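Contents: one structure, followed by commentary.
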Amino acid sequence: MTTPASSPHGAEVKARRAAMATLAHADAHELADRLALLPTLPGSEDLRPAEIGLVMLRGRIGGDGAPFNLGEATVTRAAVRLLSGEIGHSYVLGRAPEKARLAAVCDALWQHPGYRTRIENDVLAPIRARLEGERSRRRAQTAATKVEFFTMLRGED
Amino acid sequence: MYVAVKGGEQAIDNAHALLAELRRGDPAVPELGLDQISGQLSLAVDRVMSEGSLYDRELAALAIKQARGDLIEAIFLVRAFRTTLARFGACEPLDTETMEISRRISATFKDLPGGQVLGPTFDYTHRLLDPALASGGEPPPAATATQADAATMPRVTDLLDADGLIEHSPLDTGAPVNDLTREPLLFPADRDLRLQNLARADEGFLLALGYSTQRGFGRTHPFVGEIRFGEVEVELFAEEVGFAVPLGSVAVTECQMINQFIGGENEPPRFTRGYGLAFGQSERKTMSMALVDRSLRARELGEEVAAPAQDEEFVLSHSDNVQATGFVEHLKLPHHVDFQAELGLVRSMREAFFARTELRTDPLEEAAE
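Top to bottom, those sequences are chains A and B.
The first sequence begins at 786 in my numbering and counts up by one.
The second sequence begins at 48 in my numbering and counts up by one.
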């Protein structure tokens, strides 16, 4: 977090976080289908079998002040290790063991030099396209409800 | 003497089986699916998540189905479920300024950067029952704007703050955040604890308290600076990963209430603020919460504490509908032995009364005849 994004390490973290953000918004079946289309994957083992728990969500007083506890959310986390050594992690909202495991596999593969491009192009890119499509549709619907004010002429002069 | 009583197991089992059959209703009518509850009774789901203090749409939908639509019972079920899971940690505070906006309105400024966006709202409907909904059928598709720019939506309070016209939010000093699910609630309670309590508080209770402040019981002269509803991203710093991991997004509603002034001899006058935040689209809840948050700041702002909505012990001790329903509803559980003791007591008091007054019968009963 404290690593500046300009450093090579910071850029790496930023790209990995972006990949994790996409994985967190993906569906389990979508990840399974996309991974199934990839050529043979390196073997992997569960480092931490998928586990459901809670995280406390926090807000800020006034939106920008000191934090306070808002309430909890269900979260599923998992960790896997590729036989080549890369360790993938996932934390995703909801109770979704299969999705968490697949997301951890994707995170591990993303760190593998031989797979990163494939994960980016064949797994993440189509999911991002779907998410972007849904987002623009919602934005267009929301924008249609924006109020346009007209000034009314009143009185004699 | 305490007498342990056993019995009723068969009656209880049968009562629960009867409940299950009535919950299902007419078998000729299709059963409700959780996706139907989550999708079509979404505001009920939002309320159960908020007051159940657990963001999980599917669990809230299950709780509503199991509770036959009794939302307080559903909230109770969700609260009980959360105690079965371990907590992995606390998220980075949600950044509502970067919200993917579905609705954003201000009652204080007509023209503001980003504009007034109504989104899905009951406002300006005529509150006439719609027979078309009863007969079913698909609604016409929602309109879409051709130009849907992701306009930045600065907070209204920041616009006022830029001119020094409103107080700042309390600074994030990095101090540990109080958690009423971990430590007992003690008074006086800091604002973080109060907001946590209000966020899970009963909407009806907050609504009545907020209304009471408008009617003069601790007046705060409120204006809705801004209400926004939409999705915010959640991040959790995970030790083993080494950075804040994105977990997905949650829908929240935020209300910024602008209230009358502080200031004095050494301080220029400024607006004060009340704040509301809740899961889902919970507008009435966050508005009420913001009114009560501001009222509960009476002590901090040197105002007289005279009305119920300003009394933090009164508000925070009675706001939780799971606690409240537990204590009220326990009265219907068997109190046979307690009541025998009361009966014995009233009988002996009556004996003493008749011995003292030498009356043979109860004059009230005679009068009634």
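C-beta: ideal position from N, C-alpha, C; glycine also.
Please read all numbers here as calculations on a predicted model, not as lab measurements.
Assigned exposure category for residue i - 16 Cβ within 10 Å defines buried
i, result
"R394/B", "exposed"
"A298/B", "buried"
"I122/B", "buried"
"P315/B", "exposed"
"E280/B", "buried"
"Y258/B", "exposed"
"I904/A", "buried"
"M396/B", "exposed"
"F156/B", "exposed"
"M780/A", "With chain A running from 786 to 942 in the structure shown, residue 780/A is simply not present."
"L390/B", "exposed"
"R151/B", "buried"
"K379/B", "exposed"
"Y876/A", "buried"
"I274/B", "buried"
"R407/B", "exposed"
"I148/B", "buried"
"H383/B", "exposed"
"I59/B", "exposed"
"P293/B", "buried"
"D210/B", "exposed"
Residue range of the unbroken beta strand (DSSP E) whose run includes residue i
i, result
"Q307/B", "F290 to G311"
"V271/B", "F270 to A285"
"R134/B", "R134 to A137"
Paired residues, beta bridge with residue i - DSSP
i, result
"A864/A", "R833/A and H874/A"
"T859/A", "L839/A"
"K931/A", "V164/B"
"A325/B", "T300/B"
"R320/B", "I305/B"
"I152/B", "I274/B"
"P852/A", "R845/A"
"E147/B", "E278/B"
"L101/B", "E857/A"
"E314/B", "G311/B"
Run of the alpha helix (DSSP H) containing residue i, from where it starts to where it stops
i, result
"E120/B", "L118 to R129"
"F23/B", "Chain B is shown from 48 up to 416; residue 23/B falls before or after that span and cannot be answered."
"E905/A", "From DSSP, E905/A is part of no alpha helix (DSSP H); its letter is neither H nor E."
"E68/B", "E56 to R71"
"E214/B", "Where E214/B is concerned, there is no enclosing alpha helix (DSSP H), given that its DSSP letter is neither H nor E."
"H365/B", "E359 to H365"
"L392/B", "H383 to T404"
"M336/B", "E330 to S342"
Test: residue i CB closer than 8 Å to a CB of chain A
i, result
"Q370/B", "no"
"M48/B", "A caution first: M48/B carries a pLDDT of 47, below 50, which makes its placement in the model too unreliable to give a value."
"Y102/B", "yes"
"P217/B", "yes"
"D358/B", "no"
"D226/B", "yes"
"S97/B", "yes"
"Q194/B", "yes"
"R394/B", "no"
"E144/B", "yes"
CB contact below 8 Å: residue i versus chain B
i, result
"V932/A", "yes"
"M805/A", "yes"
"L906/A", "Sequence inspection shows Asn at residue 906/A; the Leu mentioned does not correspond to that position. Closer than 8 Å: no."
"F853/A", "yes"
"H897/A", "no"
"A928/A", "yes"
"V798/A", "yes"
"F935/A", "no"
"A809/A", "yes"
"G918/A", "no"
"V890/A", "no"
"R880/A", "yes"
"E883/A", "no"
"R802/A", "yes"
"A910/A", "no"
"M786/A", "The predicted position of M786/A is uncertain, since its pLDDT is 43 and thus under 50; a value taken from the coordinates is nonetheless stated next. Answer yes: the Cβ-Cβ gap between M786/A and chain B drops below 8 Å somewhere."
heavy atom of the ligand FAD below 7 Å from residue i C-beta
i, result
"T168/B", "Because no ligand of any kind appears in the structure shown, any question about the ligand FAD cannot be addressed here."
(message) Which residues of the segment 127-140 of chain B have a Cβ closer than 8 Å to any Cβ of chain A? Give them in chain order.
(response) R129, L132, A133, R134, F135, G136, A137, C138, E139 and P140
(message) Short of 7 Å Cβ to Cβ, which residues in the segment 823-848 of chain A face chain B?
(response) Cβ contacts with chain B come from I837, G838, L839, V840, M841, L842, R843, G844, R845, I846, G847 and G848.
(message) Taking beta-carbon pairs under 9 Å, can you tell me which members of the segment 284-308 of chain B lie near chain A?
(response) F284, A285, E287, V288, G289, F290, A291, V292, P293, L294, G295, S296, V297, V299, E301 and Q303
(request) Can you give me, in chain order, the residues of the segment 234-256 of chain B that have a beta carbon less than 8 Å from any beta carbon in chain A? (result) R238, D239, L240, L242, Q243, A246 and R247
(request) Anything in the segment 856-875 of chain A with a Cβ closer than 9 Å to a Cβ of chain B? List those residues in chain order, please. (result) Residues passing the 9 Å Cβ filter: G856, E857, A858, T859, V860, R862, A864, I872, H874 and S875.
(message) If the cut-off is 7 Å on Cβ atoms, which residues from the segment 321-349 of chain B count as contacting chain A, listed in chain order?
(response) Y322, L324 and F326
(message) For the segment 147-165 of chain B, list every residue whose C-beta sits within 8 Å of some C-beta in chain A, in sequence order.
(response) E147, I148, S149, R150, K157, D158, G162, Q163, V164 and L165
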